[in-house]
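Peer 1: Below you will find the structure I want to go over with you.
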Amino acid sequence: GVSLCGKILNNLRFADDIDLIVTSKTDLQRLTDKMYVKSRKFGLQINIKKTKVMSFGKHQEDLEVGKFAYLGGLVLENGSCEEDIKRRIGLASAAFGRLSRIWKVKNILVKMKVRVYEAMVIPILLYGSEYWSMRKVDEQKILTTEMSWLRGILGVSRMQRIKNDIRRILLGQETTLIQKIPERRLRWFGHVSRMETARIPFMALHTEAHGTRSRGRPRKCWIGNVKSDLSQKGIQMTEAARLVQNQQHSSIQVTRAHSI
Numbered sequence: 001g002v003s004l005c006g007k008i009l010n011n012l013r014f015a016d017d018i019d020l021i022v023t024s025k026t027d028l029q030r031l032t033d034k035m036y037v038k039s040r041k042f043g044l045q046i047n048i049k050k051t052k053v054m055s056f057g058k059h060q061e062d063l064e065v066g067k068f069a070y071l072g073g074l075v076l077e078n079g080s081c082e083e084d085i086k087r088r089i090g091l092a093s094a095a096f097g098r099l100s101r102i103w104k105v106k107n108i109l110v111k112m113k114v115r116v117y118e119a120m121v122i123p124i125l126l127y128g129s130e131y132w133s134m135r136k137v138d139e140q141k142i143l144t145t146e147m148s149w150l151r152g153i154l155g156v157s158r159m160q161r162i163k164n165d166i167r168r169i170l171l172g173q174e175t176t177l178i179q180k181i182p183e184r185r186l187r188w189f190g191h192v193s194r195m196e197t198a199r200i201p202f203m204a205l206h207t208e209a210h211g212t213r214s215r216g217r218p219r220k221c222w223i224g225n226v227k228s229d230l231s232q233k234g235i236q237m238t239e240a241a242r243l244v245q246n247q248q249h250s251s252i253q254v255t256r257a258h259s260i
């Protein structure tokens, strides 16, 4: 398993979905056999077709996969989120397309169309966005997709050359989806920070990874994004750690900093 704050973690469980975390093939087989025996006692079986093996490293073998969907998100061997963002954009765009009849109807108020959009399209795109570490190109893809949706709701084309700011004002969407993601990330940071110290998310947040990394510029990590989000609001990490212990006070401080 892996060490989190001095404790060894070798599995993650959510309902009947189980992740086994090991450092060798031998440990993987041993733990799988143990899980098989324990599951049989409760009438459960391992679904071979849904079972995936992933190795976080440079060496891959035939039985291992480079990515798989887990709890609605796409997990990649290198820990990146680019493909998950593309997948979310595709799923949300498909949902938007299925609602095309609503966007085209003239006797439905734009206000009602926006409510449908906010309830049935945006949540699909932003699902799991709390853990995204986005690049500029990822942000641009989301903004481009968002503007195409807003044009579809208004029933206008790019040829009409209406400024994006005007479209947003007409639809009450002045806050972009890119601006909503840091807010979701900070809410999740506060939620995890208030957990009991024995909870796995809390330990994962406060555990440092050991070992050597590959050459080149390191990928921006999740906690790095949190620090950037706080910095834009004029809040230091140490101050945020203190504020999140009081949920109401934290919300007031973050909102005030954001409005300055």
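Just so you know, we're using full-length UniProt numbering here: the sequence shown kicks off at 1 and counts up by one. Just so you know, even glycine gets a beta-carbon here, dropped at the ideal spot from N, CA and C.
Kindly indicate the opening and closing residues of the alpha helix (DSSP H) around I124.
Peer 2: Locating residue 124 in the sequence shown gives position 124, where the first residue counts as 1. That run of the alpha helix (DSSP H) goes 122 to 126.
Peer 1: Mind checking which residues open and close the beta strand (DSSP E) that includes F189?
Peer 2: Residue 189 sits at position 189 when you count from the first residue of the sequence shown. Element bounds for F189: not the beta strand (DSSP E) but the alpha helix (DSSP H), 177 to 193.
Peer 1: CB F202 to CB G152, shorter than 9 Å?
Peer 2: Numbered from 1 along the sequence shown, position 202 holds the residue referred to as residue 202. Numbered from 1 along the sequence shown, position 152 holds the residue referred to as residue 152. No.
Peer 1: Please list the terminal residues of the continuous beta strand (DSSP E) segment that includes K73.
Peer 2: For this step, residue 73 is matched to residue 73 along the sequence shown. The sequence shown places Gly at residue 73, not Lys. Start and end: 73 to 76.
Peer 1: Mind checking whether L143 and I200 have CB atoms under 9 Å apart?
Peer 2: In the sequence shown, the residue the question calls residue 143 occupies position 143. In the sequence shown, the residue the question calls residue 200 occupies position 200. In this structure, I200 does not lie closer than 9 Å to L143 by Cβ.
Peer 1: Going by DSSP, name the residue or residues bridged to R13.
Peer 2: The sequence position of residue 13 within the sequence shown is 13, counting from 1. According to DSSP, which records beta bridges pairwise, R13 is partnered with I18.
Peer 1: Can at least three beta-carbon pairs, one atom from the segment 115 to 124 and one from the segment 89 to 107, be found at a separation below 8 Å?
Peer 2: Yes, the segment 115 to 124 touches the segment 89 to 107.
Peer 1: So, at 7 Å on beta carbons, what are the nonlocal neighbours of Y127 in its own chain, with the 5 sequence-adjacent residues on each side left out?
Peer 2: Mapped onto the sequence shown, residue 127 falls at position 127. Answer for Y127: G72, R88, listed in chain order.
Peer 1: Once the 5 residues before and after A15 are set aside, which same chain residues still bring their CB inside 6 Å of it?
Peer 2: Counting from 1 along the sequence shown, the entry for residue 15 is found at position 15. Contacts found: none.
Peer 1: Entirely within the segment 22 to 46 and at least 4 residues each: give me those alpha helix (DSSP H) ranges in chain order.
Peer 2: Entirely contained in the segment 22 to 46, the alpha helix (DSSP H) runs reaching 4 residues are, in chain order, 25 to 41.
Peer 1: Enumerate in chain order the residues of its own chain whose CB-to-CB distance from S129 is below 7 Å, with the five nearest sequence positions on each side excluded.
Peer 2: Locating residue 129 in the sequence shown gives position 129, counting from the first residue. So the qualifying residues of the chain are I181, R184.
Peer 1: Does the Cβ of D33 have 16 or more other Cβ atoms within 10 Å, making it buried, or fewer, making it exposed?
Peer 2: Locating residue 33 in the sequence shown gives position 33, where the first residue counts as 1. Under this definition D33 is an exposed residue.
Peer 1: Helix, strand or coil for A68 per DSSP?
Peer 2: Within the sequence shown, numbered from 1, the residue matching residue 68 stands at position 68. Rather than Ala, the amino acid found at residue 68 in this sequence is Phe. Looking at F68 - three-state DSSP - the assignment turns out to be strand.
Peer 1: My output table needs one value for L143: the three-state DSSP class, helix, strand or coil.
Peer 2: Residue mapping note: residue 143 aligns to position 143 of the sequence shown, counting from 1. L143 falls in the helix class under three-state DSSP.
Peer 1: Quick one, are the C-beta atoms of L76 and G90 less than 9 Å apart?
Peer 2: On the sequence shown, position 76 is the one that residue 76 refers to. On the sequence shown, position 90 is the one that residue 90 refers to. Not a contact, by the Cβ cut-off of 9 Å.
Peer 1: Look up K7 in the DSSP assignment and say whether it is helix, strand or coil.
Peer 2: Walking along the sequence shown from the start, residue 7 turns up at place 7. Note: K7 maps to strand in three-state DSSP.
Peer 1: Which whole-angstrom value is the C-beta distance of residue 264 and N225, which I expect to be below 8 Å?
Peer 2: The structure shown does not extend to residue 264, since the chain is modelled only from 1 to 260, so the question has no answer here.
Peer 1: Is it buried or exposed for Q173, if we count other Cβ within 10 angstroms and need 16 for buried?
Peer 2: For the purposes of this step, residue 173 is identified with residue 173 of the sequence shown, where counting begins at 1. Label assigned to Q173: buried.
Peer 1: Please state the DSSP three-state secondary structure of V2.
Peer 2: To locate residue 2, count along the sequence shown from 1; it is residue 2. Three-state result, V2: strand.
Peer 1: Could you tell me which of L4, V37, Q245 sits nearest to G190, measuring between CA atoms?
Peer 2: Position 190 of the sequence shown, counted from the start, is the residue given in the question as residue 190. The option with the nearest alpha carbon to G190 is Q245.
Peer 1: Here's the rule I'm using: 16 or more other beta-carbon atoms within 10 Å means buried, otherwise exposed. How should L12 be labelled?
Peer 2: Here residue 12 corresponds to residue number 12 of the sequence shown, with the count starting at 1. Under this definition L12 is an exposed residue.
Peer 1: To the nearest angstrom, how far is the alpha carbon of S24 from that of I8?
Peer 2: The residue given as residue 24 occupies position 24 in the sequence shown. The residue given as residue 8 occupies position 8 in the sequence shown. Looking at the two C-alpha atoms, the distance is approximately 15 Å.
Peer 1: Which whole-angstrom value describes the C-beta separation of I18 and M35, a residue pair presumed to lie in contact below a C-beta threshold of 8 Å?
Peer 2: For the purposes of this step, residue 18 is taken as the residue at position 18 of the sequence shown. For the purposes of this step, residue 35 is taken as the residue at position 35 of the sequence shown. Their Cβ separation, rounded to whole angstroms, is 7 Å, which keeps I18 and M35 in contact under 8 Å.
Peer 1: Tell me the residue span of the alpha helix (DSSP H) that contains P201.
Peer 2: In the sequence shown, counting from the first residue as 1, residue 201 sits at position 201. Unbroken alpha helix (DSSP H) run through P201: 200 to 205.
Peer 1: Considering Cα atoms alone, identify which of S39, R40, L205, F68 is closest to residue 305.
Peer 2: The chain is shown only over 1 to 260; residue 305 falls outside these bounds and no answer can be derived.
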